[in-house]
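Engineer: Pasting a structure below so you can have a look.
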Amino acid sequence: MTTLLKIKRGDSVRILRGKDAQKKGKVLAVLPKASTVVVEGLNMVKKHVKAKSGGQKGQRVSIAAPIRIANVQLICTQCKKGTRVGITRENGVRARVCKHCKAIIE
Ligand SMILES: [Zn+2]
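This note's numbering puts the first residue of the sequence shown at 1109, with every later residue one more than the last.
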């Protein structure tokens, strides 16, 4: 049985746990093997970047660290609520469906 990930790149999600709980953002990347997603502007961590040649100083930059999929909730494109996602079958194709308003989420 193939698994259909409930979160896809480009989705809007809400963070449920952690320092950015309740914040919303757009999914930039999904890492299925690690069951994590990277959300734009959320779960930021400071990372030290080493100095490069040419006299540039090393610097600290903020990057979005992966968040466990279990800790995010999809925001429905129709009812705009954070929702659990169901799986339905439309003409033989598996599709995601909002558990609030039953809309198909592309
Ligand atoms: Zn909905």
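All residues carry an ideal CB built from backbone N, CA and C; glycine is no exception.
Only a predicted model underlies this, so the values are computations on that prediction, with no experimental measurement involved.
If residue 1168 and residue 1155 are in contact, beta carbons under 8 Å, what's the gap, nearest whole angstrom?
Structural biologist: About 7 Å; that satisfies the 8 Å criterion.
Engineer: Can residue 1180 and residue 1124 be called in contact, C-beta distance under 8 Å?
Structural biologist: In contact: residue 1180 and residue 1124 (Cβ atoms closer than 8 Å).
Engineer: Among the candidates 1140, 1149, 1142, 1136, whose CA atom is the shortest distance from the CA of residue 1127?
Structural biologist: Of the candidates 1140, 1149, 1142, 1136, the one whose C-alpha sits nearest the C-alpha of residue 1127 is 1149.
Engineer: In chain order, what residues of the same chain lie with their CB nearer than 8 Å to the CB of residue 1133, ignoring the 5 residues before and after it?
Structural biologist: These residues qualify, in order along the chain: 1120, 1121, 1123, 1147, 1148, 1149, 1150.
Engineer: Just verifying my parser: in three-state terms, what is the DSSP assignment at residue 1200?
Structural biologist: Coil, per DSSP.
Engineer: Let me know if residue 1199 comes out buried or exposed under the rule of 16 or more other beta-carbons within 10 Å of its beta-carbon.
Structural biologist: Looking at its Cβ environment, which holds fewer than 16 other Cβ atoms inside 10 Å, residue 1199 is exposed.
Engineer: Using a threshold of 7 Å, is the CB atom of residue 1186 nearer than that to any non-hydrogen atom of ligand 1?
Structural biologist: Yes, ligand 1 has a heavy atom inside 7 Å of this Cβ.
Engineer: Is residue 1134 helix, strand or coil when you go by DSSP?
Structural biologist: Reduced to three states, the DSSP call for residue 1134 is strand.
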